[in-house]
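What follows is a single structure, written as C-alpha cells, with notes after it.
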Amino acid sequence: MAQQDDIFKKLISHCKEYGFVFSSSEIYDGLGAVYDYGQNGVELKNNIKRYWWDSMTLLNENVVGIDSAIFMHPTIWKASGHVDAFNDPLIDNKDSKKRYRADVLIEDQMAKYDDKINKEVEKAAKRFGESFDEAMFRQTNPRILENQKKKEELHERFANALNDNDLVELKQIIVDYEIVCPISGTKNWTDVRQFNLMFATEMGSTADGATKIYLRPETAQGIFVNFLNVQKTGRMKLPFGIAQIGKAFRNEIVARQFIFRMREFEQMEMQFFVRPGEELAWFEKWKTIRIKWHQALGLGEKKYRFHDHDKLAHYANAATDIEFQMPFGFKEVEGIHSRTDFDLSSHEQFSGKKLRYFDPEMNESYVPYVVETSIGVDRMFLSILAGSYEEEKLENGETRVVLKLPPALAPVKLAVLPLVKKDGLPEKAQEIMNDLKFDFHCQYDEKDSIGKRYRRQDAIGTPYCITIDHDTLTDNCVTIRYRDTMLQERVPISELGKIITDKVSMKTLLKQITQ
Ligand code: ATP
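Per this note's numbering, the sequence shown starts with residue 44, numbered consecutively.
Laid out in C-alpha cells, this is it:
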C-alpha cells in the first residue's frame with residue numbers, strides 16, 4: 044500500500060511538473076477539490092471527450108448530442124429528487140476534526156479484507172510456484188475463508204443500513220468494526236448526519252425577488268427536459284439516445300483524492316430511451332459496449348471490473364459501476380443505470396406537460412424507460428494517467444519516466460527534433476512540421492541534447508519523435524523513435540504522415556471497439 048501511495052504522490056507531482064493538472068487558484072493557496080488543466084492536460088482531456096463523443100454519436104446512428112445550460116429551473120431538482128435525497132452520510136472525527144463519508148469509511152474497511160485475502164494468495168503463489176492452484180487455495184485456506192466471511196457479514200449489514208437509510212446503524216457499524224480515523228487514529232466519532240451535495244446560488248437581483256437556483260449536480264436532467272424537443276425535431280424513433288458532455292458541481296464532503304473527487308467536474312452522460320420492459324436487455328447491451336470502450340484503450344483488461352450497487356438509487360431498477368484499478372484501489376469511473384421511467388414521469392408531474400412517445404408499431408403513447416451511461420471525464424483522465432505512468436529501469440542504470448498513453452489520446456503526437464541548431468537542420472525541421480501540423484499536434488524542440496529531448500517527450504506521452512540530421516538534407520529521410528520500445532528507424536519524410544496516422548488517429552481507436 045505504501046508503495047501505491049508513493050506512486051499516487053509521484054503521479055500528482057508529475058501532473059503538475061508537466062502541465063497536466065494544477066491546483067485551482069494556486070497563488071492563493073488553492074481552493075479545496077477544484078483543479079485547473081494545463082497545456083498538456085487540456086489536450087488529453089479534449090481527446091478523451093472526443094473519443095467518448097465520437098463513440099456515441101458516430102458509432103450509433105440512433106444517438107445524438109445536445110449541450111444544455113448549467114442553470115436550470117429550480118423545480119427540475121425537486122422533480123429529480125435531488126433537493127430531498129441527494130445526500131451523503133457524513134461523520135466527523137472529534138479529535139482530528141476531519142470529516143468523512145460514513146459509507147466510504149465502511150467500504151474502505153471491506154477493501155482491507157480483500158487486501159488481506161490477496162496478500163495470502165500472493166504469498167502462496169510465490170511459495171508453491173508452478174503447481175499453485177489458486178481456486179483451490181481460495182476455497183480451502185482458513186485465513187482466507189475467515190476474512191471472506193468477515194467481509195460478507197460486513198457487506199450485508201452495510202447494504203441493509205443503506206437500503207433502510209439507517210444512519211444510526213451506519214454509525215454502529217463503524218463502532219463495531221472499530222474503524223479509526225486515518226489521521227488521528229482514534230474512534231471518537233460524532234453521529235452520522237445527512238448532507239445535501241448541491242450548490243445553490245441566486246438568480247436575479249434581490250429587488251426583483253431573486254430565485255434560488257442550483258448548479259447542476261449531474262448533466263442528465265438537461266437531457267430529460269429536452270427529451271421531446273430532440274425526439275420531435277430529430278424525428279427520432281425509439282430506441283434512441285441523447286448524449287451530453289458538461290460541467291457538474293457537487294459540494295463533496297471529502298475531497299482528498301486529487302481529481303478523483305472534485306467539487307467542479309465534468310461528466311459525459313448518455314440517456315438511452317427504450318420501450319418499457321426492454322430496459323434490462325438494453326442495460327446488459329450498454330454494459331458490454333461501455334466495457335469495450337474502456338478496454339480498447341489497451342491499459343490492461345484486468346484493471347477493470349464491474350461492481351453492482353449495494354443500494355439502488357431511488358430511480359433505478361438495475362445499476363452497476365465500471366471500476367478501474369487506481370493507485371488507491373478499484374474505484375468507480377463510470378455508472379450504468381437503468382433509471383426506469385422515473386425522471387420523465389416525475390417531470391410530467393411537476394411541469395404538467397406530457398413527455399410521452401407515440402409508438403407507431405404499438406399504436407400507443409407511453410413514457411419511455413431509460414438506461415443511462417454516466418462517466419466522469421476527470422476520473423477517466425486519472426485512470427488513464429495511472430494506467431500509463433511507468434518508471435522504467437534502463438540498461439544503462441538510468442530510470443526513465445514514461446507515460447504510455449493510448450496514442451490517440453496523447454496530447455502531442457509527434458515531436459520534431461533537429462539534431463543540432465545549425466547547418467539548415469532547424470529550417471528542414473520546420474518545413475516538415477509545417478506540413479504535418481494540419482493533421483496532428485506536433486511540437487518542435489531544439490534545446491538540450493537529443494537524449495534529454497526524448498525524455499521530455501516520454502514524460503508527456505508523445506508516441507513519436509523524429510530527428511532531422513545532416514543526411515536528411517540529402518536523402519529526405521528522418522529517424523523515427525517509438526516511445527514504448529525506444530526503437531529507432533530510418534523512414535522517408537513522405538511516409539511520416541501515414542505511419543503516424545495509422546497509429547494515432549481516433550478512427551484506429553474507434554475501430555477497436557467495434558471488433
Ligand atoms: P461516488 O459514489 O464516487 O460519489 P457517484 O456514484 O455519486 O460517485 P454518479 O452520480 O454515478 O457518481 O456520477 C457518474 C460519474 O460522474 C461517476 O462515475 C464519476 O466518474 C463522476 N463523478 C461523480 N462525482 C464526481 C466528483 N465529485 N468528482 C469527479 N467525478 C465525479
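Note that beta-carbon positions come from the ideal geometry of N, C-alpha and C, so glycine has one too.
- Per DSSP, S123 has no beta bridge partner at all.
- Buried is the label assigned to N90, since at least 16 other Cβ atoms lie within 10 Å of its Cβ.
- Taking the Cβ atoms as the reference, N231 lies roughly 5 Å from D138, within the contact range of under 8 Å.
- With fewer than three CB-CB distances shorter than 8 Å, the stretch 282 to 289 does not count as touching the stretch 121 to 136.
- In the displayed model, I226 falls within coil according to three-state DSSP, outside both helix and strand.
- A distance below 8 Å separates the beta carbons of I149 and I217.
- In this structure, the CA atom of F267 is about 37 Å from the CA atom of H484.
- Approximately 5 Å separates the beta-carbon atoms of D421 and F308; this is inside 8 Å, confirming the contact.
- For the set L74, K447, L479, D512, the Cα lying nearest the Cα of T505 is the one of K447.
- The alpha-carbon separation between L457 and D488 amounts to approximately 11 Å.
- Rounded to whole angstroms, the separation of the alpha carbons of G252 and K396 is 26 Å.
- In the DSSP assignment, N360 falls outside any beta strand (DSSP E) and carries neither an H nor an E.
- If you draw a 10 Å sphere on the C-beta of A472, you find 16 or more other C-beta atoms in it, and that means buried.
- Of the other Cβ atoms in all chains shown, 16 or more fall within 10 Å of the Cβ of R259; this residue is therefore buried.
- The three-state secondary structure of P535, taken from DSSP, is strand.
- Taking the C-beta atoms as reference points, I536 is found no nearer than 8 Å to L468.
- Excluding the 5 residues flanking it on each side, P117 has same chain C-beta neighbours closer than 7 Å at T254, K255, I256, Y257, in chain order.
- Cα atoms of Y94 and A167: separation of roughly 41 Å, rounded to the nearest angstrom.
- Residue pairing by DSSP places S381 opposite A361, V414 in a beta bridge.
- If you ignore the 5 residues before and after P370, its C-beta comes within less than 6 Å of the C-beta of Q47, I50, F51, A429, all in its own chain and listed in chain order.
- Per DSSP, the unbroken beta strand (DSSP E) holding G108 starts and ends at 106 to 108.
- With fewer than three CB-CB distances shorter than 8 Å, the stretch 397 to 412 does not count as touching the stretch 450 to 464.
- For H513, DSSP records no beta bridge to any residue.
- Shown here for I187: same chain residues with a beta carbon closer than 7 Å to its own, the five before and five after excluded, namely I160, E163, R181 in chain order.
- A Cβ-Cβ contact shorter than 8 Å links I509 with V521.
- Excluding five sequence positions before and after S408, the CB atoms of its chain that fall closer than 6 Å to its own CB belong to R399, F401, given in chain order.
- Between F385 and A128, the alpha-carbon positions lie close to 14 Å from each other.
- Comparing C-alpha distances from L342 to each of Q555, E433, I427 shows the shortest one belongs to I427.
- Note: G320 is not bridge-paired with any residue in the DSSP secondary-structure output.
- Note on geometry: alpha-carbon atoms of L54 and Y358 lie some 37 Å from one another.
- By the C-beta criterion, the stretch 315 to 325 is judged not to be in contact with the stretch 333 to 352, since fewer than 3 inter-stretch pairs fall below 8 Å.
- Our two residues, W336 and H57, have alpha carbons roughly 26 Å apart in a direct line.
- M529 has its CB no nearer than 7 Å to any heavy atom of the ligand ATP.
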